[in-house]
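Engineer: Chain order of the listed sequences is P and U.
When we follow the working numbering, the leftmost residue of the first sequence carries the number 1, and every step to the right adds one.
When we follow the working numbering, the leftmost residue of the second sequence carries the number 1, and every step to the right adds one.
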Amino acid sequence: MRRFDGAARVAVLCAVSIGALPAVENAQEPLRPRGTYNNSVHRFFPDLDSRLNAVRYGRWRAVEIAWTVGINPALDREFSAFLLKLLADPPRFPPEAQFVAPGFAREAPTVFHALRWGQVLEQQVSDVLAASDATPALTGRRLERVVNLYRLERWALSEPAEEAPPPVAVTLAPMSARILLSGTRLFARAMEALAASDFGQQRWKVKDTIEEFDSSLSREKAVEESTHRVSAPTFVERYPAAAAHLDRVTRFRLEVYGALVGGGATPEARRERNGRLSEVARRFGLPGGEIGAP
Amino acid sequence: MRRNRGPLVGGLIFAALVFPAVAAQAQFLSNLEPERPIDVEDATPIPFRAVSAAVDWTYNARKGGFNDQGPGWSLLFGALRNLELGAAQRYVTRPGRNALRGISSGDLELHALYGVLSETARHPALAARVGVVFPTGLDSRGTDFELGGVFTRSFDSMRLHGNVQWRRLGDTGVTERRNRIEGGLAVDFLASPSGRTDTLILAGVTVRSSLVKKGDDIVTVEVGARQRIGIQTILFGGLGSVVADGPDRPRLRVRLGISHVF
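(1) CB U:L239 to CB U:R226, shorter than 9 Å?
(2) Just grab the DSSP bridge partners of U:A112 for me.
(3) Can you tell me the Cα-Cα spacing of P:D127 and P:N38, whole angstroms?
(4) Which residues of chain P have a Cβ atom closer than 8 Å to the Cβ of U:T120, listed in chain order?
(5) Using a beta-carbon distance below 9 Å, is P:G103 in contact with chain U?
(6) In chain U, which residues lie less than 7 Å from P:P165 when you measure between Cβ atoms?
(7) Tell me which same chain residues have a C-beta within less than 8 Å of the C-beta of P:P166, skipping the five on either side of it?
(8) Taking DSSP as the reference, what is the three-state secondary structure of U:R168?
(9) Could you tell me whether the Cβ of U:T175 comes closer than 9 Å to any Cβ of chain P?
(10) Listing by chain order, which chain U residues have their CB less than 9 Å from the CB of P:P30?
(11) If I follow the unbroken beta strand (DSSP E) through U:Q69, where does it start and stop?
(12) Which residues in the same chain as P:T36 place their Cβ atom closer than 8 Å to its Cβ, once the five residues preceding and following it in sequence are excluded?
(13) Please report how far the alpha carbon of P:Q28 lies from the alpha carbon of P:Y150, in whole angstroms.
(14) Can you name, in chain order, every residue of its own chain whose Cβ lies under 7 Å from the Cβ of P:G285, other than the five neighbours on each side?
(15) Using the beta-carbon of each residue, which ones in chain P are nearer than 7 Å to U:T172?
(16) Nearest-angstrom Cα distance between U:E35 and U:P193?
(17) Under 6 Å Cβ to Cβ from P:V249, same chain only, skipping five residues before and after it: list those, please.
(18) Give the residues of chain U in contact with P:H42, contact being defined as C-beta atoms less than 8 Å apart.
(19) Show which residues of chain P have a CB atom less than 9 Å away from the CB atom of U:S30.
(20) Determine the direct distance from the alpha carbon of P:V256 to that of P:P240, and round the result to whole angstroms.
(21) Can you tell me whether U:L160 is helix, strand or coil according to DSSP?
(22) Strictly by DSSP, which residues pair up with U:R208?
(23) Given a threshold of 16 other Cβ atoms within 10 Å of its Cβ, counted over all protein chains shown, does P:E211 qualify as buried or as exposed?
(24) Taking P:D89 as part of the beta strand (DSSP E), name the residues at either end of that continuous run.
(25) Residues of chain A with a CB under 9 Å from the CB of P:P91: which are they?
(26) Under the assumption that U:A43 contacts U:A127 (Cβ atoms under 8 Å), give the Cβ distance between them as a whole number of angstroms.
(27) Go to P:S218, then tell me how far its alpha helix (DSSP H) extends in each direction, as first and last residue.
(28) Return yes when the Cβ of U:V223 is within less than 9 Å of the Cβ of U:I38, no when it is not.
(29) By DSSP, does U:R57 sit in helix, in strand, or in coil?
(30) What residues match up with U:I201 in a beta bridge as DSSP calls it?
(31) Following the continuous alpha helix (DSSP H) through U:F149, name the residue where it begins and the one where it ends.
(32) Would you call U:R159 buried or exposed, if buried means 16 or more other Cβ atoms sit within 10 Å of its Cβ?
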C-alpha cells in the first residue's frame, strides 16, 4: 500500500493553485451575512413572511416576463390573476430567483445580482427588526452592520445623480402594478410595525398590517406610498440609512421595469431594451456591460 | 490490508464538524452535489461563507443477492467566492466483496470545486473539480486522485448538467485499470407547474469505465427529487439502477437523505 503518493501531492497542489486564482469576472454572490436574527420573520411572523414571499415571487416573475415579451395591457390581466392566485395561497419559503427568472439571470446578470442583493438587504433588515432580543440600541448596531456589509458588495446600488421620470410600466400594466406596489408597501408597513413596537406588541401590529394589505390589494395607490419615507416614518426616523437603501432598491426595481417595457421579441427590440437597461444600471453605479445575448 | 489512520481521520472529521460553528444561513435547492440524490452535480460552488451538511442512507438490491446498504455523509464549505471545499465518506455492508467491485467502505474523499465561469447568455457555467480519496476504509488500497470538469446550462426553468472526471487509482492489481474515466449527464426542473421553487426533480445517466481491464463499462440511470422541508433544510431521495456491468450489479438503488445549510 502506498501512502500519499505522487497523485495525492499533485491533487493538493492543484487545489491550492485553483484557490489562489483571482475571482472570475462574474463573481459569485456571497451568502447573506450571518446573525442570530436571521429568519426571525419566518419564525415569528409566518403569515407576514408567506405574503412577502408571494410578493418576491411576483417581482421575479414580472421581471422574467418583461425581459422576454415586455409589459403591455394584454399581459396585465393574466399576470395580475397569477399574482392574486399566489397571494391566495402564499408560499412558505422565499423563491430561488434563478429558477423564477432564469432568462433574466442568464442574460442580465449584473441587474439580476443587484436585485437579488437588494432582496437580501430587505430580508436582513426585517429579520433584525423582528428579532426576539431586539432593543433600539442593539437593532441600531445590527442594522448599521447589515447596511455596511450590503454596501461593500459589488452589487450594491449607489444614489443616482438625478431623479428619473415616473415609470411608464405602472400605466401600461395598471392591475399588476397596483398589486406589486401594494406588496412593496407591505414591506414598508411591516418595517414600520416592527420598528415602532416592542416584541410583545409586534404580533398585533403585524396582524393589523396583514389585514390592511389583504383588504386593499387592488386599491389605487400612488407610487410614493410604496416608499418607506411615506409608509414607514418611524422606521425612517430611527434607521435612516437602512430606509434610504431600501427605497433606492425600490426605485431601481421600478426603473428596471420601465427599461423592459418593450420586451425582446425582435433583435431591434432586444438591442433597445439592453441599451435602456444598461443605462439604468450605470445610473445606479453598476457596470452596464454584460447585458443581453450577443 | 489496512494502515491505521485513526488520528488523521479523526482530526479531519473534527475539523469538518467545527466549521458549522462559524457558518451563516441560507438554503439552496438548486445547488447539487454528488449523490444528493444523483451522481451528477452542478457547476455552481456553494456560496461563499455557506456550510452544507448532508447525511443519507443508501440501499442496493443486487442481482444475485448479496444486497448491501449503508450511510454516507458530506460537508461542503464555501471557502472563497467560487471555491467550494468538501469532504464525504460512505460506508457499506459487505466491505470485502464491495472492495473487489471498486466500491470503498469508509474512504474519505476531499474535494475542491472552483467556479471558473458563471452562466451567461454566451456560455454555460463551468467549474473545475479536484479530489483526493484517502484509503481510510476497510479493505481499501492506495490514495486516489480525481480531476474533472462540470458544466451547467439553463433552458428556461430546466437545467442540463454535465460531468467528466478522470480518476487515477493509487494502488491497483495486475488485472485492474490504473485510470478510470467517468461522465454523466443530468437534467433538473421544478415539479410545480406554477413555478414554486420548493421541489426539484432530477434525472441522470452516468457511464464509468470498469475497474477491471477488460470489464464492461458501468452505466447507471437515476431519478430523484429534492424537497425543501424547512427554511434551510432539504429532503432528498432517489432511485437508480445499474443497467450495464457485471452479473452482480445493483438492479435497484434507493437513497434517502437530508441536507441542511447553515
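Positions of the beta carbon are idealized from the N, C-alpha and C atoms, including for glycine.
Structural biologist: Reading from the atomic positions:
(1) no
(2) U:L85, U:V130
(3) 6 Å
(4) N26, R106, E107, P109, E290
(5) yes
(6) None at all; the shortest Cβ gap to chain U is about 29 Å.
(7) V223
(8) strand
(9) no
(10) A24, P47, F48, R49, A50, G78, R81
(11) 68 to 80
(12) A131, D133
(13) 14 Å
(14) L157, S158
(15) By Cβ distance, chain P contributes nothing, its closest Cβ being about 11 Å from U:T172, past 7 Å.
(16) 26 Å
(17) G118
(18) I231
(19) E96, Q98, F99
(20) 24 Å
(21) strand
(22) U:E182, U:I218
(23) exposed
(24) That residue, P:D89, is in no beta strand (DSSP E); it is neither H nor E in DSSP.
(25) The structure shown contains no chain A; its protein chains are P and U.
(26) 4 Å
(27) Premise fails: P:S218 is in no alpha helix (DSSP H) and is neither H nor E.
(28) yes
(29) The identity of residue 57 of chain U in the sequence shown is Trp, whereas the question assumes Arg. DSSP places U:W57 in strand when its eight states are reduced to three.
(30) U:F189, U:A225
(31) Per the sequence shown, the amino acid found at residue 149 of chain U is Gly instead of Phe. No alpha helix (DSSP H) contains U:G149, which is instead part of the beta strand (DSSP E) from 144 to 155.
(32) buried
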